[in-house]
Structure formats: C-alpha cells, structure tokens
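Heads up: the structure comes next, in structure tokens.
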Ligand SMILES: C[S@@+](CC[C@H](N)C(=O)[O-])C[C@H]1O[C@@H](n2cnc3c(N)ncnc32)[C@H](O)[C@@H]1O
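Numbering (the numbering used here), first residue to last: 321 to 620.
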C-alpha cells in the first residue's frame, strides 16, 4: 500500500520503543500505524479510502445499523462490539448514525463496547484531530471514554440513549459475556500480521457470546479467515466492495440473515487456495477441516 509518514512518530513510546505514527495517503486521507525502533510494525489502520469512509461503508452500512435502530419490536439497546477500536472511526460513525436518527424519531438506544489493547493510537489521533474531521466533531466524547472508561448520553427526549464502554486489554483474554452483541465490527490488523486474531479459536469464543441474531462485518476477505469463521459456527457471506477492496465479508449466526452467502463456487476457490485454512488448524487436521466446511448446510 502506498503512503508516507506525515510526522515523526509521536505518542508515548512503550518501554520497547513501540509507538504510533500518522501517515498520509497520496489522496490526502490520513491513518495511523504502529512503529518500532526499526520501522513500521503494522499496516496502516485503515485503507486508502480513509477511516471515515471505511467506517461508514464497510461497518455501519453493511451491518444495517439504521434499520436495527429503527426496529419497532423492541426497546432493548442495539449492542455493538467494536473489536479493534483503533482511533474509534467505526464507533463514532455508529454514534453519529444514532445521534442524527434520534433527532427525528424515537429509536432504540445504542450501546457500544470498544475493545482495544493499546490506546496510544487514539491518543495520537486525538492530538492530531485536524487530520480526522470526525475527531474534531467528537473528540471530547472519545477523550471522556479514555479517562472514564464509559460515556453515557440521553436521547433528545431525555430517555436512555447512547452508552459507550471501553474494554481495555487483550481481546483474546475476553470477550466478556455482559451483553450479547447484535452487531460486531471486527477490525484487527490483517491475518498476515496477526493470525491469532483470525483463528478458529478467536471466532469460536466470539461465536459463544453472540445472541440469536448477530451479524459480524469485517474488511477482510481472505479465504483462511472465512474458513475460520465457518469452522467457528458462523454462516459467511460476501460483503460489498469499496474503492480500495474488491470484497469484504459479512458473517452471521443464521445464513438467512445474509444476502450473498458464500456458495459452492467459493468451495472451488477454497480447494484451489494456497492458504485455505487459518494457522490454528494443525496439518493433520486440515483434510478433516476442509471436509467439515464442505458439509456445512450453507453449501448444500
Ligand atoms: C486496524 S486497527 C482498528 C481501526 C479501528 N476500528 C478504527 O475505527 O479506527 C486494529 C486495532 O486493534 C488493536 N489490537 C490489536 N490486537 C489487539 C488485541 N489482541 N486486543 C485488543 N485490541 C487489539 C490495535 O491496537 C489497533 O488499534
């Protein structure tokens, strides 16, 4: 991916010299990436379409947040797990969606749990908010989340409205069973950088805390990541395209929730793939894992 460092690395370096730096794409959009003493340690947090477009196109639109907030049959909050909070573009895009809808009509409350193990990225973004207009608009909310661990706002009628909870720590040690998510934004660095976060084990734990109708959206479309989701018990479908990604992924607890479930043609792709399965499927178990996927009801 093409980008260049905009500033020297800023933020509080950890004891091993790891910190974040701001980068700018040739089209002018900015993002953040992790750097160590010897150079970059991660990809940029966002693709070249920028954090705000990515948040709205890949996460908010695909999860059908608007329809869920307008849902008539319950007053229970829409619960979002924002996994890999980063600089909170996804969380704040969901907040802005809720915030503008509730001005016109009574809608369901929104409760976001943001999972993040390294807050130095968002601290850097908040100190450079001129590069991120959504942080210029909502930086005080994000700053309050970092200091208090939770933010609550009533809706414009004085009813329960918005709640944002920070879950600070390693996601692989959780997630908590507090409230089942209806929507999951799954946005970690790619499987090439952090294979353990795209493993059968990680998705199995996540599947175990889902409600009966949970949808998971992610920018990743790698075959091995989709296999991991399938082996963990999610139904998996093709997600929409963005200017930077040919395909994204939507998974769900029920195949009927997907408009484009992966079908038999994807099984062909799986059989031709040089990396069909995630790293936590042992070599001896690979054949059985592939057979398990082929027999799943979504492919019948
Ligand atoms: C691609 S960025 C997320 C971008 C983000 N969703 C946004 O809206 O800006 C991935 C984030 O996941 C965090 N992360 C990586 N491994 C983690 C782990 N094991 N537990 C929690 N957070 C983790 C990184 O620190 C990084 O901030």
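Backbone N, C-alpha and C define an ideal beta-carbon position, used for all residues, glycine too.
Residue i - DSSP class collapsed to helix/strand/coil
i           : result
residue 539 : coil
residue 424 : helix
residue 341 : strand
residue 402 : strand
residue 601 : coil
residue 450 : helix
residue 619 : helix
residue 550 : helix
residue 407 : coil
residue 508 : coil
residue 384 : coil
residue 581 : strand
residue 533 : coil
residue 327 : Confidence is the limiting factor: at residue 327 the pLDDT is only 34, short of 50, which leaves the residue's position unreliable and the question unanswerable from this model.
residue 513 : coil
residue 576 : helix
residue 321 : Note that residue 321 scores a pLDDT of 34, beneath 50, so its modelled location is shaky and nothing firm can be said.
residue 332 : The pLDDT assigned to residue 332 is 45, lower than 50, so where the model puts this residue is not dependable; a value taken from the coordinates is nonetheless given after this. The answer is coil: DSSP assigns residue 332 none of H, G, I, E or B.
Beta-carbon proximity check, residue i vs residue j, cutoff 7 Å
i           : j           : result
residue 502 : residue 398 : yes
residue 539 : residue 568 : yes
residue 380 : residue 413 : yes
residue 480 : residue 511 : no
residue 342 : residue 352 : yes
residue 523 : residue 549 : yes
residue 520 : residue 598 : yes
residue 375 : residue 410 : yes
residue 593 : residue 543 : yes
residue 462 : residue 408 : yes
residue 451 : residue 350 : yes
residue 534 : residue 573 : yes
residue 632 : residue 366 : Residue 632 is absent from the structure shown; the chain starts at 321 and stops at 620.
residue 372 : residue 491 : no
residue 619 : residue 584 : yes
residue 368 : residue 564 : yes
Residue range of the alpha helix (DSSP H) that includes residue i
i           : result
residue 612 : 606-614
residue 563 : From DSSP, residue 563 is part of no alpha helix (DSSP H); its letter is neither H nor E.
residue 585 : 584-592
residue 524 : 520-528
Residue i CB to nearest heavy atom of ligand 1 below 6 Å
i           : result
residue 503 : no
residue 410 : yes
residue 436 : yes
residue 345 : no
residue 404 : yes
residue 492 : yes
residue 508 : yes
residue 511 : no
residue 371 : yes
residue 570 : no
residue 348 : no
residue 359 : no
residue 407 : yes
residue 441 : yes
residue 365 : yes
Terminal residues of the beta strand (DSSP E) in which residue i lies
i           : result
residue 557 : 555-559
residue 374 : Not the beta strand (DSSP E): residue 374 falls in the alpha helix (DSSP H), residues 371-374.
residue 363 : 359-364
residue 355 : 350-356
residue 571 : 568-572
residue 439 : Looking at the DSSP string, residue 439 is not in any beta strand (DSSP E), and its letter there is neither H nor E.
Beta bridge counterpart(s) of residue i as assigned by DSSP
i           : result
residue 474 : 480
residue 465 : For residue 465, which the question treats as bridged, DSSP gives no partner whatsoever.
residue 433 : 401 and 485
Near ligand 2: residue i beta-carbon under 6 Å from a heavy atom
i           : result
residue 598 : Although ligand 2 was asked about, the structure shown includes only ligand 1 as ligands.
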